[in-house]
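**Q** Numbered per mature numbering (1 follows the signal peptide of the UniProt record, and there is no 0), the sequence shown spans residues -22 to -1, 1 to 199. Note that beta-carbon positions come from the ideal geometry of N, C-alpha and C, so glycine has one too.
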Amino acid sequence: MITAMLSRLMILAFGTLYPAYASYKAVRNKDVKEYVKWMMYWIVFALFTCAETFTDVFFSFWFPFYYEIKVALVFWLLSPATKGSSFLYRNFVHPAFQRRESEIDEMLSHAKEKGYNTVLSIGTKGVSYATNVLLQTAMRTVQLQQQETLSAGSDQNDGLSNLASHSSFSMSPRSIPEPPQIDIADYDEDMESLDNEDEFIAPQQPRRTRKTTKRTSRRAD
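(1) How many Å lie between Tyr(-5) and Val71 at the Cα?
(2) Does the stretch 19 to 26 come within contact of the stretch 54 to 73, defined as at least 3 CB pairs closer than 8 Å?
(3) Buried or exposed: which applies to Leu55, given that a residue is buried once 16 or more other Cβ atoms fall within 10 Å of its Cβ?
(4) State yes or no: is the C-beta of residue 200 within less than 8 Å of the C-beta of Thr(-20)?
(5) Helix, strand or coil for Phe65? Go by DSSP, reduced to three states.
(6) Please tell me whether Ala4 and Trp16 are closer than 8 Å, where the distance is taken between their beta carbons.
(7) If the criterion is Cβ atoms closer than 8 Å, does the pair Val35 and Ile(-12) meet it?
(8) Is Ile154 helix, strand or coil by DSSP?
(9) Applying the criterion that 16 or more other CB atoms from any shown protein chain within 10 Å of the CB defines a buried residue, is Met18 buried or exposed?
(10) So, for Ala41: in the same chain, excluding its five sequence neighbours on each side, which residues have a beta-carbon less than 7 Å away from its beta-carbon?
(11) Mind checking Gly(-8): buried by the 16 CB within 10 Å criterion, or exposed?
(12) Which full runs of the alpha helix (DSSP H) of 4+ residues lie inside the stretch 25 to 58, going along the chain?
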């Protein structure tokens, strides 16, 4: 049995690489007959690839001999004896495209215009978004710088104000100790007490003088 990997390698080698080289030879030799032959093959093979994408999902895991049928179909399209690609193109593909050619062309033109407008609008939105992001980033950086400068200035002002407050506190008169206050009433009382003592001591002075005079008189005698 042929596995999925082996069938993929065989289709890649015999269904893609060999027809590509044969098409190159037809273009180089300017052989119109071979050129038309391989152009029909590529159109049919493109349709085969599109169909293969869906059949691999829905039929590969339950349909018997699925990968063998795929490899055999590619050889049938490629073989010059069977001319399978020419047969399918002339009998099915060309008539179908011919009937719906105008519709396909209109749909493609509409898709191109819509795609162009879509790409243009997406590009414009992308440019505007990038510009807004850059402007916002620049504004944020400027605001951060301003905040940093303001914070640095406020810190300096706080330091100066603290220094001034400390200096004013050290030079304020409150920091100098005040002299003790003397109560005038107490001073008057002290003076009165001194006067009384003088009065108490003053009468005793004459007695001392009398004794001294007696003593001096006795000594004189």
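**A** A quick look at the data gives this:
(1) By 1-based counting over the sequence shown, the position of residue -5 is 18. By 1-based counting over the sequence shown, the position of residue 71 is 93. Tyr(-5) and Val71 have their C-alpha atoms spaced approximately 23 Å apart.
(2) Verdict: yes, contact present.
(3) As a first step, residue 55 must be located in the sequence shown, where it is residue number 77. When all chains shown are included, Leu55 counts as buried.
(4) Coverage of the chain is limited to positions -22 through 199, which leaves residue 200 absent and any answer about it impossible.
(5) Residue mapping note: residue 65 aligns to position 87 of the sequence shown, counting from 1. Phe65: helix per DSSP, three-state reduction.
(6) For the purposes of this step, residue 4 is taken as the residue at position 26 of the sequence shown. For the purposes of this step, residue 16 is taken as the residue at position 38 of the sequence shown. Contact flag set, yes.
(7) If you number the sequence shown from 1, residue 35 lands on position 57. If you number the sequence shown from 1, residue -12 lands on position 11. Their beta carbons are not under 8 Å apart, which means Val35 does not touch Ile(-12) by this criterion.
(8) For the purposes of this step, residue 154 is taken as residue 176 along the sequence shown, with counting starting at 1. Residue placement at Ile154 is flagged as unreliable, the pLDDT there being 49, under the threshold of 50; the coordinate-derived value follows with that caveat. Correct three-state label for Ile154: coil.
(9) The residue given as residue 18 occupies position 40 in the sequence shown. Buried, because 16 or more other Cβ atoms sit within 10 Å of the Cβ of Met18.
(10) As a position in the sequence shown, residue 41 is number 63, starting the count at 1. Residue identity check: residue 41 is Phe in the sequence provided, not Ala. Apart from sequence neighbours up to five positions away, no residue of its chain approaches Phe41 with a beta-carbon distance below 7 Å.
(11) If you number the sequence shown from 1, residue -8 lands on position 15. Counting Cβ neighbours within 10 Å, Gly(-8) comes out buried, since at least 16 surround it.
(12) Counting whole runs of 4 or more residues, the stretch 25 to 58 contains the alpha helix (DSSP H) stretches 44 to 56.
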